[in-house]
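full-length UniProt numbering numbers the first residue of the sequence shown as 1 and each following residue consecutively.
Here a beta-carbon is modelled for each residue, glycine too, at the ideal position from N, C-alpha and C.
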Amino acid sequence: MTFTDLPDLASRLLGGGVVDANDEFFAARDNLVNPEPSTFETWTFGPKGKVYDGWETRRRRTLGPDLRDWAVVRLGAPGAVHGVVVDTAHFTGNYPPHVSVEGCEVPGHPAPAALTGWFPLVGRSAVRGDTRNLFEVTDHRRVTHVRLNIFPDGGVARLRVHGVVDPDPALLHGMTVDLAAIELGGLVVDCSNRFYGSANNLILPGHARVMGDGWETARRRDDGNDWVLVRLAARGTIRLAELDTTHFKGNAPAAATLRGTLDPSSDAAWFDLLPRVDLQPDTRHRFRLDSTVPATHVRLDVFPDGGMARLRLFGETL
């Protein structure tokens with residue numbers, strides 16, 4: 001697994017937003033955290049010039065080694081950043097030659113002016129135009145906001161901040177919640193196949209908008225089956241499971257099972273949560289569970305292959 005397999009903590013799908021920027025003359029800062037890849041159309045021009053699907057600042061007329069433009073992103077879910085992608089897609093003669101990224105942790109819902117304690121995540125680094133520029137991050141302190149700096153100006157299409165969610169414990173302790181939710185700290189730690197989409201899509205907030213918002217495997221040509229292993233946000237007892245095949249009509253799994261464990265490395269430690277059940281295409285299936293045994297990990301097996309939009313595992317934390 002590489003850092004790009006981890007959730008994008010800045011994505012608007014998780015509630016991320018660009019809360020401040022010093023300039024957005026040519027293209028709006030909000031585009032930075034849109035989940036879709038940037039698009040480009042040659043004929044789109046507005047009153048300020050070419051319309052870009054990204055963030056673009058005006059050209060500076062005073063130069064200096066420290067002059068920069070910047071944008072501040074509130075992460076949709078706070079956590080430890082493992083890597084950053086500065087995507088300059090379609091910016092060829094107007095991309096910034098260098099960038100840096102900083103992080104900070106400020107609790108609550110601070111205004112941009114209240115953000116302090118910035119520390120480096122990515123030092124000043126060269127980037128290329130029309131490229132997904134990848135930077136691994138080794139400082140895994142918890143952050144709630146990141147600041148993208150570009151030197152001296154230019155355009156960036158998307159900013160991806162991949163990491164592991166570290167939620168406020170007060171949101172979990174003693175509560176009934178979706179223990180699989182990525183925004184609370186749930187994470188897909190392994191899966192059999194992710195050919196058509198990331199398995200972490202299963203535990204994103206909200207309903208899948210299209211088939212591509214879910215997890216879909218390649219067609220199997222053997223007698224096996226596909227599966228996903230989810231590390232829950234907290235140790236808990238699962239009371240209700242939702243297996244959602246919305247949008248998957250000719251490619252939904254025929255059946256599924258759920259098992260739980262406190263020790264995923266031990267085959268003997270697994271126990272049944274949901275015996276094998278038939279699934280219908282394009283349907284939100286809900287199942288009450290009888291198990292009273294707590295779990296930290298849950299494995300979803302689908303038979304034999306196919307796609308699923310969302311997996312919800314509602315229960316009480318312990």
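Fill in: Limits of the beta strand (DSSP E) - the one that L262 falls within
Neither: L262 is in no beta strand (DSSP E) and is coded neither H nor E.
Discussion item. Residues in the same chain with beta-carbon distance under 8 Å from A218, minus the five sequence neighbours each way, listed in chain order, please.
Written reply: N193, F195, Y196, D305
Discussion item. So, under 8 Å CB-CB, R310 and L202 are touching, yes? Tell me the CB distance rounded to an integer number of Å.
Written reply: 6 Å
Discussion item. Using only the alpha-carbon positions, how far apart do R147 and D272 sit?
Written reply: 45 Å
Worksheet item: Hey, quick one: how far does the beta strand (DSSP E) through R160 stretch, first residue to last?
Response: 158 to 165
Item to complete: Just mark M308 as buried or exposed, buried being the case when its beta carbon has 16 or more other beta carbons within 10 Å.
Response: buried
Worksheet item: Helix or strand or just coil, what does DSSP make of R29?
Response: helix
Fill in: C-alpha distance - R158 paired with A10, whole-angstrom precision
10 Å
Worksheet item: Touching or not, the stretch 222 to 231 and the stretch 274 to 288, by the rule of three or more beta carbon pairs under 8 Å?
Response: no
Worksheet item: Quick one: is F45 buried, meaning 16 or more other Cβ sit within 10 Å of its Cβ, or exposed?
Response: exposed
Worksheet item: For P65, which of P152, T317, G206 has the nearest alpha-carbon?
Response: P152
Fill in: Neighbourhood of D178 by C-beta distance below 6 Å, restricted to the same chain and skipping five residues each side
R312, F314
Discussion item. For a minimum of 3 consecutive residues, which ranges assigned as the beta strand (DSSP E) are wholly contained in the UniProt domain "Allantoicase" (185 to 317)?
Written reply: 187 to 191, 226 to 244, 255 to 261, 271 to 278, 284 to 288, 295 to 303, 310 to 317
Worksheet entry | Coil, strand or helix - D153 by DSSP | coil
Worksheet item: In chain order, which beta strand (DSSP E) runs of at least 3 residues are fully inside the stretch 93 to 118?
Response: 98 to 104
Worksheet item: When the distance is taken between beta carbons, is R29 closer than 8 Å to V84?
Response: no
Worksheet item: For H297, does the count of other Cβ atoms within 10 angstroms reach 16, so buried, or fall short, so exposed?
Response: buried
Worksheet item: Which residue from A208, T292, I150 puts its Cα closest to that of V127?
Response: I150
Fill in: Secondary structure of T2, DSSP reduced to three states
coil
Discussion item. I need the DSSP call for E136, collapsed to helix, strand or coil.
Written reply: strand
Worksheet item: Between V156, G79, G108, which lies nearest to P37 when the distance is taken from Cα to Cα?
Response: V156
Discussion item. I'd like to confirm the pairing. Which residues does DSSP put opposite D69 in its beta bridges?
Written reply: I150
Fill in: L32 versus A113, A21, G123, residue with shortest Cα-Cα distance
A21
Practice prompt. Determine which residues share a DSSP beta bridge with E24 and list them.
Written response: Its beta-bridge partners do not exist; DSSP assigns none.
Practice prompt. Quick one: residues in its chain with C-beta nearer than 8 Å to the C-beta of T92, no 5 flanking neighbours on either side, listed in chain order?
Written response: G129, D130
Item to complete: Following the continuous beta strand (DSSP E) through V177, name the residue where it begins and the one where it ends.
Response: 176 to 178
Discussion item. Let's test the definition: count the other Cβ atoms within 10 Å of the Cβ of V18 and tell me whether it reaches 16, buried, or not, exposed.
Written reply: buried
Worksheet entry | Where P35 sits in the DSSP three-state scheme | coil
Worksheet item: Can you tell me whether DSSP reads R128 as helix, strand or coil?
Response: coil
Discussion item. DSSP three-state label for R142, please.
Written reply: strand
Item to complete: Within the same chain, show all residues whose beta-carbon is closer than 6 Å to that of E105, passing over the 5 residues directly before and after it, in chain order.
Response: R142, V143, T144
Discussion item. Excluding the 5 residues flanking L13 on each side, which residues of the same chain have their C-beta closer than 6 Å to its C-beta?
Written reply: P35, L204
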